[in-house]
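For reference, the structure discussed in these notes is given below.
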Amino acid sequence: MFGFSIERVKRVEFRKFFPFMLLTALCIIFTITNKRFFQLSNFMIIAQQMVVTLIAALGMTFIIVTGSVDLSVGSIVALSALTTALTVPKFGVFAVIPAAAVGTLCGLLNGFVFTKGKVPSFIVTMGAMVSYRGLVLLITHGAPVEIKDMTFIKTYAGRTFFNTPNSVLFSLCILFVMCYMFENFAFSREVRAVGGSERVAKLTGIRVDRVKILVFVLFGLMAGLAGLFQAARTYAATPTLGEGMELDVIAAVVVGGTPMSGGVGSVVGTLLGTFIIAVLSNGMNIMGLSSEIQQIAKGIVLILAVFATIDHKKISVIK
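Numbering that gives the first Met the number 0 puts the sequence shown at residues 0 to 318.
See the structure below:
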């Protein structure tokens with residue numbers, strides 16, 4: 000028993016320090032290979048590049064803490080970005096409302112099918128990923144939808160305070176709200192309880208299905224906002240927007256110390272994980288590595304993070 004406790008403590012401590020060790024190693028490698036990496040201007044670029052992934056990853060954190068996952072993130076971001084592009088001419092800066100609403104609706108649909116159909120989340124959301132992407136292609140006919148409202152662009156993708164990108168400031172506000180919610184709301188304690196043990200959670204009176212649906216709704220809202228910022232950044236919504244994004248988002252959460260087995264997690268850890276993924280992408284871009292090599296590297300980092308953080312005794316309950 001005592002040996003088991005020591006082993007558990009060691010695993011918790013390693014999970015806590017793994018992101019810092021990985022980040023330090025990456026920074027050293029990229030600084031040695033290219034002196035341009037460790038410059039303030041480059042880190043500002045990294046901060047701007049990680050906004051969309053961070054916002055989506057904050058929502059994904061809650062889902063993974065319950066022991067589930069949502070693979071449709073890229074498609075929801077694309078659909079929300081398309082909604083943004085289509086509604087900006089009428090709503091202007093308030094296009095954030097329909098974009099968030101579409102993302103939330105997608106999350107609600109995913110959560111409802113997952114809980115009521117008793118189907119594993121990765122299967123439900125894999126189907127949703129294809130369906131939402133198909134809807135985007137159907138509406139756009141494969142062509143990009145441009146955004147020409149400069150007031151909208153300046154609001155969500157411009158710069159104001161100390162030449163800091165507005166998208167970074169908005170994402171920090173969202174981060175603060177999500178961090179406070181994760182640490183202080185009773186709902187967040189229920190999320191951790193469901194991820195720890197559904198059976199025990201039910202015995203304590205927690206409505207497990209309700210909690211699961213709500214985390215998917217919350218994730219959908221975050222993915223909707225991520226789509227808005229992506230559309231503002233690129234001045235358009237394209238049919239291929241967000242493809243492969245699920246790897247970055249899930250990796251950001253797991254690398255940040257939230258195990259796929261659920262039960263525990265950290266919003267601050269997700270911030271760190273997102274930064275690590277952004278640093279990895281930025282460093283490899285500076286080195287001139289191809290997108291294929293970058294995908295391989297991210298996949299390896301994700302696998303390492305899963306092994307470093309997962310509770311092997313709970314693998315059977317990953318849903």
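Even for Gly, the Cβ is constructed at its ideal location relative to N, Cα and C.
DSSP-derived helix/strand/coil call for residue i
i: G145; result: Residue identity check: residue 145 is Glu in the sequence provided, not Gly. Strand.
i: R158; result: strand
i: P119; result: coil
i: S205; result: First, the amino acid is wrong: residue 205 is Ile here, not Ser. In this structure, I205 counts as coil in the three-state DSSP scheme.
i: D69; result: coil
i: K34; result: coil
i: G58; result: helix
i: S265; result: coil
i: F218; result: helix
i: S315; result: Unreliable placement is indicated for S315, whose pLDDT of 49 sits below 50; the coordinate value is still reported in the next sentence. DSSP places S315 in helix when its eight states are reduced to three.
i: N25; result: Checking the displayed sequence, the identity of residue 25 turns out to be Leu instead of Asn. In this structure, L25 counts as helix in the three-state DSSP scheme.
i: M128; result: helix
i: G2; result: Since pLDDT at G2 reaches only 48, below the 50 mark, its modelled position is unreliable, and no value is offered.
i: F169; result: helix
i: G223; result: helix
i: G287; result: coil
i: P97; result: helix
i: S196; result: coil
i: E182; result: helix
i: S349; result: For residue 349 there is no data in the structure shown, the boundaries of the chain being 0 and 318.
i: E242; result: coil
i: G298; result: helix
i: G102; result: helix
i: G133; result: helix
i: M49; result: coil
i: G91; result: helix
i: G272; result: helix
i: G255; result: coil
CA-to-CA distance, residue j to residue i, given in whole angstroms
i: I299; j: A250; result: 10 Å
i: N109; j: I295; result: 29 Å
i: F151; j: A46; result: 21 Å
i: A304; j: V254; result: 5 Å
i: F1; j: G195; result: At F1, the pLDDT of 46 sits below 50, so the modelled position is not reliable; the number obtained from the coordinates is stated separately. If I take the Cα positions, the gap works out to 22 Å.
i: M244; j: G204; result: 36 Å
i: I146; j: V101; result: 18 Å
i: T237; j: A200; result: 42 Å
i: V216; j: S67; result: 13 Å
i: A192; j: C26; result: 36 Å
i: F161; j: M59; result: 31 Å
i: L202; j: G219; result: 28 Å
i: G241; j: A77; result: 6 Å
i: L246; j: V252; result: 10 Å
i: A235; j: R198; result: 46 Å
i: A80; j: G91; result: 14 Å
i: R132; j: A142; result: 13 Å
i: L174; j: V266; result: 8 Å
i: T163; j: G116; result: 45 Å
i: F3; j: I28; result: Bear in mind that the predicted position of F3 carries a pLDDT of just 48, short of 50, making it unreliable; the figure below should be weighed with that in mind. For F3 and I28, the distance between alpha carbons rounds to 36 Å.
i: P320; j: M125; result: One cannot answer for residue 320 here, as it falls past the ends of the chain, which runs 0 to 318.
i: C105; j: T86; result: 18 Å
i: Q229; j: R188; result: 31 Å
i: M283; j: L57; result: 24 Å
i: T224; j: T139; result: It is worth fixing the name first, because residue 224 is Leu in this sequence and not Thr. Roughly 20 Å between the two C-alpha positions.
Residues that residue i bridges to, as DSSP identifies them
i: P164; result: R158
i: A235; result: E145
is_contact[residue i, chain D] using C-beta, thresh 8 Å
i: K153; result: In the displayed structure, chain D is absent; only one protein chain is listed.
Q: Assess, as a yes-or-no matter, whether the region 174-185 is touched by the region 66-74 under the definition of 3 or more beta carbon pairs within less than 8 Å.
A: They do not touch, by the three-pair rule.
Q. Between the region 273-291 and the region 14-24, are three or more C-beta pairs nearer than 8 Å?
A. Yes, they touch.
Q: Could you tell me whether the region 39-56 touches the region 106-120, using the rule of 3 or more Cβ pairs below 8 Å?
A: Taking 8 Å as the limit for Cβ pairs, the verdict is that the region 106-120 does not touch the region 39-56.
Q. Are there three or more Cβ pairs, one per stretch, closer than 8 Å when the region 23-38 is compared with the region 180-191?
A. No contact exists between the region 23-38 and the region 180-191.
Q) For the region 82-97 against the region 205-215, are there 3 or more C-beta pairs whose distance is under 8 Å? A) Result no; under three Cβ-Cβ pairs closer than 8 Å.
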